[in-house]
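Inspection log for the structure reproduced underneath, given as structure tokens.
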Amino acid sequence: AQKVTQAQTEISVVEKEDVTLDCVYETRDTTYYLFWYKQPPSGELVFLIRRNSFDEQNEISGRYSWNFQKSTSSFNFTITASQVVDSAVYFCALSGLSNSGYALNFGKGTSLLVTP
Amino acid sequence: EAQVTQNPRYLITVTGKKLTVTCSQNMNHEYMSWYRQDPGLGLRQIYYSMNVEVTDKGDVPEGYKVSRKEKRNFPLILESPSPNQTSLYFCASTLAQGLNYGYTFGSGTRLTVV
Numbered sequence: 003a004q005k006v007t008q009a010q011t012e013i014s015v016v017e018k019e020d021v022t023l024d025c026v027y028e029t030r031d032t033t034y035y036l037f038w039y040k041q042p043p044s045g046e047l048v049f050l051i052r053r054n055s056f057d058e059q060n061e062i063s064g065r066y067s068w069n070f071q072k073s074t075s076s077f078n079f080t081i082t083a084s085q086v087v088d089s090a091v092y093f094c095a096l097s098g099l100s101n102s103g104y105a106l107n108f109g110k111g112t113s114l115l116v117t118p
Numbered sequence: 038e039a040q041v042t043q044n045p046r047y048l049i050t051v052t053g054k055k056l057t058v059t060c061s062q063n064m065n066h067e068y069m070s071w072y073r074q075d076p077g078l079g080l081r082q083i084y085y086s087m088n089v090e091v092t093d094k095g096d097v098p099e100g101y102k103v104s105r106k107e108k109r110n111f112p113l114i115l116e117s118p119s120p121n122q123t124s125l126y127f128c129a130s131t132l133a134q135g136l137n138y139g140y141t142f143g144s145g146t147r148l149t150v151v
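Right, dumping it as structure tokens:
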């Protein structure tokens, strides 16, 4: 069975602080993909990043960075110099070859509140 | 603009009154899927379709129907809605060539069944 755990339910930071959102996953698939999505208060789901199981390179996109470590089954997401517009619920998701229909297994999400 | 379009955004209906939530994508994606999002339960897949006329059940298909007569459209049908189907629904699409692509989600449909 596959499982994605986002242990942090809610995080509150002050603007300009750095914040890391944790994601730990379980899968028996050797080939799988990991994703992060953002759900702002307006409700839509915005794709942020995908990473395949064979690519452990960290990635940076502006203020966002991702750290993928297969050894600890983690795919953590860091926002540098957070801004109020970063306030949202962030979901980590996993999809492996054993998933019927390429289904995404989502974590329960981490609600991030950035205050001025 | 490449997008997945769902309608309506909000819907309040009564128990037992059939309804359809439409979903359309303009990216020529083969794969389309429906998810529902509920507090404490997260996002769960309802149905998916690998291509035209090919559909299959996801994790929570009971009470729902889908059809895929055209590549771009994937409507979600609730023949006899019940209050436990009150939820936030998302349609998603992606290219079906392996798992190399991120899923594009629609803006969501908030359904309330009273």
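Chains as they are written, first to last, in this note's numbering: chain G, 3 to 118; chain Y, 38 to 151. We put the beta carbon where it would ideally sit given N, CA and C, even for glycine.
Start and end residues, beta strand (DSSP E) containing residue i
i	result
Thr146 of chain Y	Thr146 to Val150
Thr32 of chain G	No beta strand (DSSP E) holds Thr32 of chain G; DSSP gives it neither H nor E.
Ser124 of chain Y	Ser124 to Thr131
Tyr24 of chain Y	No answer is possible for residue 24 of chain Y: the residues shown for chain Y start at 38 and end at 151.
Glu38 of chain Y	Unbroken run through Glu38 of chain Y: none, as it is neither H nor E.
Asn63 of chain Y	Note, Asn63 of chain Y: premise wrong, no beta strand (DSSP E); not H, not E.
Ser14 of chain G	Glu12 to Val16
In DSSP terms, what residue i is bridged to
i	result
Lys5 of chain G	G:Glu28
Asn107 of chain G	G:Leu96
Gly79 of chain Y	Y:Asp75
Val48 of chain G	G:Lys40
Thr80 of chain G	G:Thr22 and G:Ser67
Glu116 of chain Y	DSSP lists no partner for Glu116 of chain Y.
Val91 of chain G	G:Gln41 and G:Ser113
Asn54 of chain G	G:Tyr35
Val103 of chain Y	Y:Leu113
As assigned by DSSP and simplified to three states, the class of residue i
i	result
Tyr140 of chain Y	coil
Val51 of chain Y	coil
Val89 of chain Y	coil
Asp96 of chain Y	coil
Thr117 of chain G	strand
Asn110 of chain Y	strand
Asn121 of chain Y	helix
Ser73 of chain G	helix
Tyr102 of chain G	Contrary to the premise, residue 102 of chain G reads as Ser rather than Tyr in this sequence. Correct three-state label for Ser102 of chain G: helix.
Same chain only: Cβ atoms within 8 Å of residue i, ignoring 5 sequence neighbours per side
i	result
Tyr68 of chain Y	Tyr85, Ser86, Met87, Asn88, Ser130, Thr131, Leu132 and Ala133
Arg46 of chain Y	Ser144, Gly145, Thr146 and Arg147
Gln82 of chain Y	Ser70, Trp71, Tyr72, Gly95, Asp96 and Val97
Cβ-based neighbour list, residue i, same chain, cut-off 7 Å, excluding 5 preceding and 5 following
i	result
Thr123 of chain Y	Leu148, Thr149 and Val150
Asp88 of chain G	Ile81, Leu114 and Val116
Glu17 of chain G	Ser84, Gln85, Val86, Val116, Thr117 and Pro118
Ile49 of chain Y	Thr149 and Val151
Beta-carbon neighbours of residue i, restricted to chain Y and to distances below 8 Å
i	result
Arg30 of chain G	Ordered by position in chain Y, no residue passes the 8 Å Cβ test against Arg30 of chain G, which lies about 16 Å from the chain.
Gly64 of chain G	Ordered by position in chain Y, no residue passes the 8 Å Cβ test against Gly64 of chain G, which lies about 17 Å from the chain.
Proximal residues of chain Y, C-beta to C-beta of residue i below 7 Å
i	result
Glu46 of chain G	Phe142, Ser144 and Gly145
Arg52 of chain G	Gly139
Phe56 of chain G	By Cβ distance, chain Y contributes nothing, its closest Cβ being about 12 Å from Phe56 of chain G, past 7 Å.
Lys5 of chain G	Simply none; closest approach about 11 Å.
Residue i: contacting residues in chain G (beta-carbon distance under 7 Å)
i	result
Phe127 of chain Y	Leu47
Cβ-based neighbour list, residue i, same chain, cut-off 6 Å, excluding 5 preceding and 5 following
i	result
Ser67 of chain G	Thr80
Glu12 of chain G	Ser113
Gly53 of chain Y	Ser117
Ser55 of chain G	Thr33 and Tyr34
Tyr140 of chain Y	Ala129 and Thr131
Glu61 of chain G	Trp68
Proximal residues of chain G, C-beta to C-beta of residue i below 8 Å
i	result
Tyr47 of chain Y	Result: empty, since nearest Cβ-Cβ is about 10 Å, beyond 8 Å.
Partner residues on chain Y for residue i, Cβ-Cβ distance less than 9 Å
i	result
Leu106 of chain G	Ser70, Tyr72, Leu80, Gln82, Ala129 and Tyr140
Phe70 of chain G	Under the 9 Å cutoff, chain Y gives no residues; its nearest Cβ is about 15 Å from Phe70 of chain G.
Lys110 of chain G	Gly77, Leu78 and Gly79
Minimum Cβ-Cβ distance from residue i to chain C less than 8 Å
i	result
Phe77 of chain G	Among the protein chains in the structure shown, which are G and Y, there is no chain C.
Partners in chain G for residue i, counting only beta-carbon separations shorter than 9 Å
i	result
Tyr85 of chain Y	Ser102, Gly103, Tyr104 and Ala105
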